[in-house]
Amino acid sequence: MLPEIVLLFSAFMVFLGGILLISTKNLMHSCIFLLMCLFGVAGVYASLGAEFLAVTQIIVYIGGIVILMLFAVMLTGGKEFISRLHKVLNLAPLMGDKSTYMKGSIVGLIIFGGLSAFFYQLLKVLPLKEQQVSDYKIIGHSLLTDNLLAFELSSFLLLGALIGAAIIAKPEKVSESKPTDI
Amino acid sequence: MSANETVIDHLLQFEFFQKISTAIGSQIGVSHIWVWYMVALILVAAVITGILAAVGGFGTYAERKISADIQGRFGPNRVGPYGLFQVIADGLKMIGKEDISPNESDKFLFYLAPFLCIFGVVATFAVLPFSAGLTLSKTNVGIYYVVAISSLVGLGIFIAGYASNSKWSLLGGMRGASQIISYEIPVTLSIMSILLLSGGLSFEDILANQTAWPAGWYIFHNPFTFIGFFVYFVSVLAETNRAPFDLPEAESELVSGYHTEYTGMRYGLFALAEYMEVFVVCGLAATLFLGGYHVPFDIGKGTIFGDILQIGTFFAKTLGLYYVVIWVRWTFPRLRVDHLMSICWKYLTPIALFNLLGVSVWILFFDGKSILDLFLSAISSGPVGH
Numbered sequence: 001m002l003p004e005i006v007l008l009f010s011a012f013m014v015f016l017g018g019i020l021l022i023s024t025k026n027l028m029h030s031c032i033f034l035l036m037c038l039f040g041v042a043g044v045y046a047s048l049g050a051e052f053l054a055v056t057q058i059i060v061y062i063g064g065i066v067i068l069m070l071f072a073v074m075l076t077g078g079k080e081f082i083s084r085l086h087k088v089l090n091l092a093p094l095m096g097d098k099s100t101y102m103k104g105s106i107v108g109l110i111i112f113g114g115l116s117a118f119f120y121q122l123l124k125v126l127p128l129k130e131q132q133v134s135d136y137k138i139i140g141h142s143l144l145t146d147n148l149l150a151f152e153l154s155s156f157l158l159l160g161a162l163i164g165a166a167i168i169a170k171p172e173k174v175s176e177s178k179p180t181d182i
Numbered sequence: 183m184s185a186n187e188t189v190i191d192h193l194l195q196f197e198f199f200q201k202i203s204t205a206i207g208s209q210i211g212v213s214h215i216w217v218w219y220m221v222a223l224i225l226v227a228a229v230i231t232g233i234l235a236a237v238g239g240f241g242t243y244a245e246r247k248i249s250a251d252i253q254g255r256f257g258p259n260r261v262g263p264y265g266l267f268q269v270i271a272d273g274l275k276m277i278g279k280e281d282i283s284p285n286e287s288d289k290f291l292f293y294l295a296p297f298l299c300i301f302g303v304v305a306t307f308a309v310l311p312f313s314a315g316l317t318l319s320k321t322n323v324g325i326y327y328v329v330a331i332s333s334l335v336g337l338g339i340f341i342a343g344y345a346s347n348s349k350w351s352l353l354g355g356m357r358g359a360s361q362i363i364s365y366e367i368p369v370t371l372s373i374m375s376i377l378l379l380s381g382g383l384s385f386e387d388i389l390a391n392q393t394a395w396p397a398g399w400y401i402f403h404n405p406f407t408f409i410g411f412f413v414y415f416v417s418v419l420a421e422t423n424r425a426p427f428d429l430p431e432a433e434s435e436l437v438s439g440y441h442t443e444y445t446g447m448r449y450g451l452f453a454l455a456e457y458m459e460v461f462v463v464c465g466l467a468a469t470l471f472l473g474g475y476h477v478p479f480d481i482g483k484g485t486i487f488g489d490i491l492q493i494g495t496f497f498a499k500t501l502g503l504y505y506v507v508i509w510v511r512w513t514f515p516r517l518r519v520d521h522l523m524s525i526c527w528k529y530l531t532p533i534a535l536f537n538l539l540g541v542s543v544w545i546l547f548f549d550g551k552s553i554l555d556l557f558l559s560a561i562s563s564g565p566v567g568h
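Residue numbers (my numbering), protein chains in the order written: chain A, 1 to 182; chain B, 183 to 568.
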């Protein structure tokens, strides 16, 4: 019974966080509501018995992505930038138009319907009872045996991203070197 | 029920607890066991949080007493015997203070930030192994969960710095976020080298291979874990913003850093979160490297008495490390910002990576045996060669 309560509470958190996320106009607040939403998703995973996935969700999305987003928002500039952004958004065709909202909601409904039909079929097939074995050992084993190629390829991708980030962030060559202050 | 075993499952083994639970259940007519289960879980969690909040509060007292001792002063000695009630006086003062928020601040984030900090710390108590019985949840991803959930503290510091709309706070918050994110890497790498030895992410797995005696602790398992302990300890000092790494709240440059604009109990929550986080990381160090709650000869194993002994062992080790943390603060001067970053990225991270590799090679070559095992087997089989 406890997992069901946690599941309902987490689902409510996802729903409320999602609604607040798109309805607020403040980007920083949006990030915080995104945090709430993602935390709810982690709660859903945990209540379904996938603890490793839940904690990975927290470590990747809350410890990484949300902090990265907050940094990115802070580095984008002040009020002038935002007003300029609004001007551009208003100029762009079909932004904030009535027909845009119509088309957007129709596409959203189709995607939602299709996905829910798919997951409904999936839920009927999959047994939802949790396994008693610790799931992270299975994940680790399959990563290093059956899915080794995919694992290595993604590690190459990440290495490339790391080197690329280092090259982009490399300071221009200047004559006098000053200590950086953060 | 999920596969998780909680503290209530442990308590239900004892007869008097069963009696109490059935008595209360029949009194209020609760037929569902899970309602009582949840209430009991919440009660135990509240008690643990209360006790650790008191530990955090007395941390401030300990800090002032120990610093006074180091500097040849008396420290707080007016309120109560030995100034012990200074904590209560401070708390009352903070609650009584006016709650001020800056005019142009982002009110929502400003009020949220201290709670993010305190939540990130209190949530780690859920898996902290005080004793074999008193562990709120024995989830099989314990240490991974602690590493993940404590990142909320850094987020809280960052949000506090941003929302205050003050230059000092913003600088402190930026420093705090970059420092905490950077120092998470050596901390996690040192923890990973221990996880290689234990072969599991839960605290039970980590403690299963350790013994009560120092020879069986992971810190003395091989040379790499010995170095790893110091890498871990230095890095957590930085991660909890303790001196000599307290750049986010450097008084001499930034007034008070990220909590400059906070008054009263909102400031108190930041201070409390910091002291409790120090306790948590010291507890983790005791569990990962120093044998955790193991009591010599397993005295009273499986009884309430044994649990109390184990809690005492855990607290003794943790508070010993807590003393070292305070001692370090009043001994070393604060680092410069760029030195802080170069220590993390140029020294601690490579050393931690080397340790990880070293532990893996050790496991491969010596079959996961500790240095003492190898020594003993060398002695016993030594004369054969001659």
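Note that the Cβ used here is the ideal one computed from N, Cα and C, for glycine as well. Just so you know, these numbers come straight off a predicted model, no measurement behind them.
For the stretch 340-362 of chain B, the residues whose beta carbon sits under 7 Å from a beta carbon of chain A are, in order, F340, Y344, M356, R357, A359 and S360. For G336 of chain B, the enclosing alpha helix (DSSP H) has its first and last residue at S333 to A345.
Collapsing the DSSP output to three states places S360 of chain B in a helix. Setting aside the 5 residues that flank it on each side, F307 of chain B is surrounded in the same chain by A227, I230, T231, L234, L318 and V462, each with a C-beta closer than 8 Å to its C-beta; the list follows chain order. Assigned with DSSP and collapsed to three states, S375 of chain B falls in helix. F156 of chain A and L148 of chain A have their C-alpha atoms spaced approximately 12 Å apart.
Of B:Y326, B:F415 and B:G494, the smallest CA-CA separation from V460 of chain B is found for B:F415.
By the neighbour-count definition (other C-beta atoms within 10 Å, threshold 16), F312 of chain B is a buried residue. Just so you know, the alpha carbons of G494 of chain B and Y475 of chain B end up roughly 8 Å apart.
When the alpha-carbon of V323 of chain B is set against those of A:M74, A:L122 and A:T56, the nearest one is in A:T56.
Excluding sequence positions up to five before and after G473 of chain B, its CB lies within less than 7 Å of the CB of Q392, T393, A394, G398 and W399, all in the same chain and listed in chain order. Residues of the stretch 313-329 of chain B that bring their beta carbon within less than 8 Å of a beta carbon in chain A comprise T321, N322, V323, Y326, Y327 and V329, in sequence order. Within the same chain, Cβ atoms closer than 6 Å to the Cβ of S372 of chain B are found at G410, V413, Y414 and A534, the five residues on either side in sequence being excluded. If you draw a straight line from the Cα of G160 of chain A to the Cα of G265 of chain B, it comes to about 58 Å.
Excluding its 5 nearest sequence neighbours in each direction, L143 of chain A has C-beta neighbours in its own chain below 7 Å: F151, listed in chain order. Assignment of A117 of chain A by DSSP, reduced to helix, strand and coil, places it in the helix class. In the displayed model, S351 of chain B falls within a helix according to three-state DSSP. Listed along chain A are I58, I59, I62, G63, G64 and I67, each with a C-beta nearer than 9 Å to that of S333 of chain B.
Annotation for S154 of chain A: the continuous alpha helix (DSSP H) segment containing it runs L148 to A169. When 7 Å is used as the limit between beta carbons, F290 of chain B is near these residues of chain A: H29, in chain order. Interface annotation for the stretch 270-294 of chain B against chain A: D288, F290, L291 and L294, criterion Cβ-Cβ distance under 8 Å. In the three-state reduction of the DSSP assignment, A46 of chain A falls in the helix class. With its beta carbon less than 8 Å from one in chain B, L70 of chain A belongs to the interface.
Annotated as distal: I58 of chain A and I341 of chain B, with beta-carbon spacing of 8 Å or more. Looking at B:D288, B:A222 and B:V309, the one whose alpha-carbon comes closest to that of G465 of chain B is B:V309. Rounded to whole angstroms, the separation of the alpha carbons of F548 of chain B and G108 of chain A is 58 Å. Under the 10 Å beta carbon count, E433 of chain B is surrounded by fewer than 16 other beta carbons and is classified as exposed. V329 of chain B has its alpha-carbon roughly 43 Å from the corresponding atom of K103 of chain A.
As the crow flies, the alpha-carbon of L378 of chain B is around 34 Å from that of I224 of chain B. Using a Cβ-Cβ distance cut-off of 8 Å, the stretch 487-507 of chain B and the stretch 519-535 of chain B are not in contact, since fewer than three pairs of beta carbons, one from each stretch, lie closer than that value. For P515 of chain B, the three-state secondary structure derived from DSSP is coil. Taking a 10 Å sphere around the C-beta of V60 of chain A, we find fewer than 16 other C-beta atoms and assign the residue as exposed.
In chain order, P426 place their CB closer than 6 Å to the CB of F514 of chain B, counting only its own chain and leaving out the 5 sequence neighbours on each side. Relative to the Cα of G354 of chain B, the nearest Cα in the group B:V303, B:L291, B:L429 and B:F240 belongs to B:L429. Contact check for G382 of chain B and G358 of chain B: beta-carbon distance about 32 Å, past the 8 Å limit, so the pair fails to qualify. In terms of CA proximity to I325 of chain B, B:L470 leads the group B:V437, B:E435 and B:L470.
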